Amino acid sequence: MLAQVNRVAFDLFGLQIYWYAIIIVSGIALALWLSTREVLRVGLKEDDMTNFILWALPIAIIGARLYYVLFDLEPYLADPVQIFNIRNGGLAIYGGLIAAVIVLIIYTRYHFIDPWLFLDVVSPGVMLAQAMGRWGNFMNHEAYGGETTRRFLENLHLPQFIINNMYIDGAFRQPTFLYESLWSLIGFVLILFIRKNGTIKRGELFLGYVTWYSFGRFFIEGMRTDSLYLFGGIRVSQLLSLLLFVGGIILLYYRRKKSTNIKLYERDKGINQALI
15 MLAQVNRVAF DLFGLQIYWY AIIIVSGIAL ALWLSTREVL RVGLKEDDMT
65 NFILWALPIA IIGARLYYVL FDLEPYLADP VQIFNIRNGG LAIYGGLIAA
115 VIVLIIYTRY HFIDPWLFLD VVSPGVMLAQ AMGRWGNFMN HEAYGGETTR
165 RFLENLHLPQ FIINNMYIDG AFRQPTFLYE SLWSLIGFVL ILFIRKNGTI
215 KRGELFLGYV TWYSFGRFFI EGMRTDSLYL FGGIRVSQLL SLLLFVGGII
265 LLYYRRKKST NIKLYERDKG INQALI
């Protein structure tokens, strides 16, 4: 019998607290901490970030849940109460990101903050939170790929606790949660390096994040067995990844071409000016 992790971390006054929730909340907290540090370095106020999070976080959770439910509607029509049961997972990262970006655009326009600058500030933290969040999927035994062999997993030099917990529904599975987590972690390191050492224009960190994540997600999504589908067997996240990657590349090219009208991304105070 393979040792399987218990997705319940502990009981609190009779309520089961899941590792999924602990990991997701920890990722959000770390992203907020990183973004708050950076927002001060670029000349904005700490309140700009905390006030934004107060709006963005609940709306992002709603967006993530709606995205998931809308593309897997049948079981929720049969039992609508389950729409509100997110303790077992069922949050789609793309839905949360789309909702958060919409809130960000509205928030920054209302407060006269350059939205590209704000997107650059939050991108590294979001990517790190995504890397952490996939381990919540691991604890829930979800976001895995097709069947494979134990030997294949051992050849990846994975720890035994990962290998054991990739035995799901009678077979060993591809650890796609891990592939995406590592892809996001590498992207996090890369954009931090670029931010520290590169000469970049405002918005390019965010667009770099979008293109990096969507490129990896396109291929990893193709390996998963729990994808959400459109009519015709098209994987929703693969299609969206493709659109985001192409759109990100086009915007990067356009903004480089128009670079004389776009301010540098600086990490100094006193640069909270709108784009020309």
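Under this note's numbering, think of the first position of the sequence shown as 15, with each following residue one higher.
Just so you know, even glycine gets a beta-carbon here, dropped at the ideal spot from N, CA and C.
Predicted, not measured: the structure shown is a model, and the values here were computed from it.
- Query: Between Leu266 and Ile75, what straight-line distance do the alpha-carbon atoms span, to the nearest angstrom?
  - Reply: Within the sequence shown, numbered from 1, the residue matching residue 266 stands at position 252. Within the sequence shown, numbered from 1, the residue matching residue 75 stands at position 61. If you take the alpha carbons of Leu266 and Ile75, they lie about 28 Å apart.
- Query: Between the region 25 to 42 and the region 179 to 191, do three or more beta carbon pairs fall short of 8 Å?
  - Reply: Too few Cβ pairs lie closer than 8 Å, so no.
- Taking C-beta to C-beta, are Leu199 and Leu142 nearer than 9 Å? Counting from 1 along the sequence shown, the entry for residue 199 is found at position 185. Counting from 1 along the sequence shown, the entry for residue 142 is found at position 128. A Cβ-Cβ contact shorter than 9 Å links Leu199 with Leu142.
- In whole angstroms, what separates the C-alpha of Gly217 from that of Tyr279? Along the sequence shown, one-based indexing puts residue 217 at 203. Along the sequence shown, one-based indexing puts residue 279 at 265. Going by the C-alpha atoms only, they are around 8 Å apart.
- Leu167 versus Leu16 - alpha carbon distance: Walking along the sequence shown from the start, residue 167 turns up at place 153. Walking along the sequence shown from the start, residue 16 turns up at place 2. About 14 Å.
- Query: What are the partner residues of Gln30, as DSSP defines its beta bridges?
  - Reply: One-based indexing of the sequence shown puts residue 30 at position 16. Under the DSSP definition of a beta bridge, Gln30 partners with Asp25.
- Status (buried if at least 16 other CB within 10 Å, exposed otherwise) for Glu156: Working through the sequence shown from its first residue, we reach residue 156 at position 142. It counts as buried.
- Exposure of Tyr124, with buried meaning 16 or more beta-carbon neighbours within 10 Å: As a working mapping, residue 124 is identified with position 110 in the sequence shown. With fewer than 16 other Cβ atoms within 10 Å, it is exposed.
- Query: Should the region 75 to 88 be called in touch with the region 107 to 114, which here means at least 3 C-beta pairs below 8 Å?
  - Reply: Between the region 75 to 88 and the region 107 to 114, the count of Cβ pairs shorter than 8 Å is three or higher; the stretches touch.
- Does the region 226 to 237 come close enough to the region 250 to 259 to have 3 or more Cβ pairs within less than 8 Å? As far as the Cβ criterion goes, the region 226 to 237 touches the region 250 to 259, which means the pair count is three or higher.
- Query: Considering Phe186, what are the terminal residues of the beta strand (DSSP E) in which it resides?
  - Reply: Residue 186 sits at position 172 when you count from the first residue of the sequence shown. Residue range Ala185 to Arg187 is occupied by the beta strand (DSSP E) that includes Phe186.
- So what does DSSP say about Leu278, is it helix, strand or coil? Within the sequence shown, numbered from 1, the residue matching residue 278 stands at position 264. In the structure shown, Leu278 sits in a strand (DSSP, three-state: E or B).
- What is the DSSP secondary structure of Ile182, reduced to helix, strand or coil? Counted from its first residue, the sequence shown places residue 182 at position 168. In the three-state reduction of the DSSP assignment, Ile182 falls in the strand class, which pools E and B.
- Message: I'd like to check one pair, Arg209 with Pro138: are the Cβ atoms closer than 9 Å?
- Response: Translated into the one-based positions of the sequence shown, residue 138 becomes position 124. Translated into the one-based positions of the sequence shown, residue 209 becomes position 195. Closer than 9 Å, so yes.
- Item | Spatial neighbours of Phe259 in its chain, beta-carbon cut-off 6 Å, leaving aside the 5 residues before and after | Residue numbering aside, residue 259 sits at position 245 when the sequence shown is read from its first letter. So the qualifying residues of the chain are Thr225, Ser228 and Phe229.
- Tell me, which residues are paired with Lys291 by DSSP? With the chain running from 15 to 290 in the structure shown, residue 291 is simply not present.
- Which term fits Trp130, buried or exposed, when burial requires 16 or more other beta carbons within 10 angstroms of its beta carbon? One-based indexing of the sequence shown puts residue 130 at position 116. It is buried - the Cβ of Trp130 has at least 16 other Cβ atoms within 10 Å.
- Item | Cβ neighbour criterion (16 or more within 10 Å) applied to Lys215 | In the sequence shown, residue 215 corresponds to position 201, counting from 1. Buried is the call here.
- For Ile120, is the classification buried or exposed, using 16 other Cβ atoms within 10 angstroms of its Cβ as the cut-off for buried? The count along the sequence shown starts at 1 and reaches residue 120 at position 106. Classification of Ile120: exposed, given that the 10 Å Cβ count is below 16.
- Task: Can you give me the Cβ contacts of Tyr90 inside the same chain, cut-off strictly under 8 Å, excluding the 5 residues immediately before and after it?
- Result: One-based indexing of the sequence shown puts residue 90 at position 76. Answer for Tyr90: Val83, Gln96 and Ile97, listed in chain order.
- Query: Since Gln144 is in the alpha helix (DSSP H), which residue starts that stretch and which ends it?
  - Reply: As a working note, residue 144 is residue 130 in the sequence shown. Looking at the DSSP string, the run of the alpha helix (DSSP H) that includes Gln144 is Pro129 to Met153.
- Excluding sequence positions up to five away, which residues of its chain have a Cβ less than 7 Å from the Cβ of Asn20? Here residue 20 refers to the residue found at position 6 when the sequence shown is read from its first residue. Taken in chain order, the list of residues that qualify is empty.
- Query: Out of curiosity, what's the CA-to-CA distance linking Asn211 and Gly201?
  - Reply: Position 197 of the sequence shown, counted from the first residue, corresponds to residue 211. Position 187 of the sequence shown, counted from the first residue, corresponds to residue 201. For the pair Asn211 and Gly201, the Cα-to-Cα distance works out to about 15 Å.
- Report the partner residues of Arg164 according to the DSSP bridge assignment. Along the sequence shown, read from residue 1 onward, the residue named residue 164 stands at position 150. In DSSP, Arg164 forms no bridge with anything.
- Task: Determine the DSSP secondary structure at Tyr158, reduced to helix, strand or coil.
- Result: What you label residue 158 is simply residue 144 of the sequence shown in a count that begins at 1. Here Tyr158 sits in coil by DSSP.
- When we look at the beta-carbon of Asp61 and count the other beta-carbons within 10 Å, is it buried (16 or more) or exposed? Along the sequence shown, read from residue 1 onward, the residue named residue 61 stands at position 47. The residue in question, Asp61, is exposed, as its Cβ has fewer than 16 Cβ neighbours within 10 Å.
- Query: Would the beta-carbon of Val136 fall within 9 Å of that of Ala78?
  - Reply: Indexing the sequence shown from 1 puts residue 136 at position 122. Indexing the sequence shown from 1 puts residue 78 at position 64. Not closer than 9 Å, so no.
- Query: Out of curiosity, what's the CA-to-CA distance linking Arg3 and Gly159?
  - Reply: In the structure as shown, the chain begins at 15 and stops at 290. Residue 3 is therefore absent and cannot be evaluated.
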